[in-house]
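All residue numbers for the sequence shown refer to this note's numbering, where the first residue is 1 and numbers rise by one. Worksheet: one structure, shown below.
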Amino acid sequence: MTATENTEPKVEETKPAEATETKPLTSSSVFSMFGGGAKKEKKDDEDRGDNSGSAKAQREAAAAAKADDEEEAPESDDVHFEPVHKLTEQVKTVTHEESEEEIFNMRCKMFRFTQDKDGKGEWKERGTGPLRLLKHKENGKIRLVMRRDKTLKVCANHYITPDMAIAPMSTSDRAWLWNVGADVSEGEPEAITVSVRVANAENAQQFKEAWSKAQKDNEAMFAQAKEETETETETETKTEEGKAEEKKAEEPAASS
């Protein structure tokens, strides 16, 4: 009995220790293994962020904007504004080509020969666009007009007169050059030297033929205009001379 009494207390003392070791742990570290602790901390961070001043200001601004949207706009009492410019009205563009008809059109690039103070010359690009020959519907005169693409600014405007000579460029079989006595593309008449370059040799030949025909037609028109001008000048001169003789004849009669 003495041995039994001595051993039983030892067994009872070890049982609480075993129960303590097998008891499940309820600390936050166990939940963190399955994501529980991280979610709680994230939620705490979000709660703390919601309580910040900027978040609160954003919520108030959103609430105010929502309230403004919900408010209906007040109805106006037959308010009407007359437009300053009506889109239906069309502005007529004047090109000064209304009394002419187009007889030739070809796209090309134009150059102008310039010289500096030292006398050194070079070709400068004047523009790219359609080169056209326009014939006047009344007097039959033909002029050359070229406008730049997009801007439509005039880069050549002159008659093809009988004294003008056209020649091929030595550096290309699709380019021509000529001297102009009075080009008015810049407003005031000026003497310039220009050249044009077309897409290919075939177009260059077509341009030369159209140029020659226009020059021939203009030669007849200019000759006719010159005759008419001379006739008008002679008539005016004779009229003035006749008036002068009549005045002289009247002076002796008045003195007597």
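For every residue, glycine included, the Cβ atom is placed at its ideal position computed from N, Cα and C. Only a predicted model underlies this, so the values are computations on that prediction, with no experimental measurement involved.
Roughly how many whole angstroms lie between the Cα atoms of residue i and residue j?
i, j, result
"Glu241", "Pro168", "51 Å"
"Lys150", "Gly127", "11 Å"
"Asn200", "Ser185", "26 Å"
"Thr114", "Glu100", "31 Å"
"Trp176", "Arg197", "7 Å"
"Thr93", "Phe111", "28 Å"
"Asp116", "Glu122", "9 Å"
"Lys109", "Arg132", "13 Å"
"Arg174", "Thr95", "30 Å"
"Gly140", "Val84", "44 Å"
"Ala223", "Lys243", "30 Å"
"Gln247", "Gln90", "As written in the sequence, residue 247 is Lys, which differs from the Gln given in the question. Distance between the alpha carbons of Lys247 and Gln90 is about 58 Å."
"Lys124", "Pro162", "26 Å"
"Ala64", "Arg147", "59 Å"
"Gly188", "Glu250", "The sequence given here places Glu at residue 188; Gly does not occur at that position. Computed Cα separation, rounded: 47 Å."
"Glu138", "Met221", "11 Å"
"Asn157", "Glu219", "18 Å"
"Lys118", "Thr193", "The sequence shown places Asp at residue 118, not Lys. Cα to Cα, Asp118 sits roughly 18 Å from Thr193."
"Arg107", "Glu227", "36 Å"
"Trp178", "Lys238", "41 Å"
"Lys120", "Glu245", "60 Å"
"Ala62", "Ala55", "11 Å"
"Glu190", "Ile160", "15 Å"
Following the continuous beta strand (DSSP E) through residue i, name the residue where it begins and the one where it ends.
i, result
"Asn139", "Looking at the DSSP string, Asn139 is not in any beta strand (DSSP E), and its letter there is neither H nor E."
"Ile192", "190-197"
"Pro168", "166-168"
"His158", "154-159"
"Lys117", "Element bounds for Lys117: n/a, residue is neither H nor E."
"Asn179", "175-183"
With a threshold of 16 other CB atoms inside 10 Å of the CB of residue i, please say whether the residue is buried or exposed.
i, result
"Phe207", "buried"
"Ser172", "exposed"
"Phe81", "exposed"
"Asn105", "exposed"
"Gln58", "exposed"
"Val180", "buried"
"Gln215", "buried"
"Gly129", "buried"
"Ser170", "exposed"
"Glu46", "Because Glu46 sits at a pLDDT of 47, beneath the cut-off of 50, its placement in the model cannot be relied upon, and the point is left open."
"Ala204", "buried"
"Val145", "buried"
"Arg143", "buried"
(message) Quick test of the definition: if touching needs 3 or more C-beta pairs under 8 Å, does the segment 211-224 touch the segment 156-170?
(response) The segment 211-224, when compared against the segment 156-170, does touch it at the 8 Å Cβ threshold.
(request) Determine contact between the segment 232-241 and the segment 140-156, defined as no fewer than three beta-carbon pairs at a distance below 8 Å. (result) Remark: fewer than three beta-carbon pairs, one from each stretch, lie closer than 8 Å, so the segment 232-241 and the segment 140-156 are not flagged as touching.
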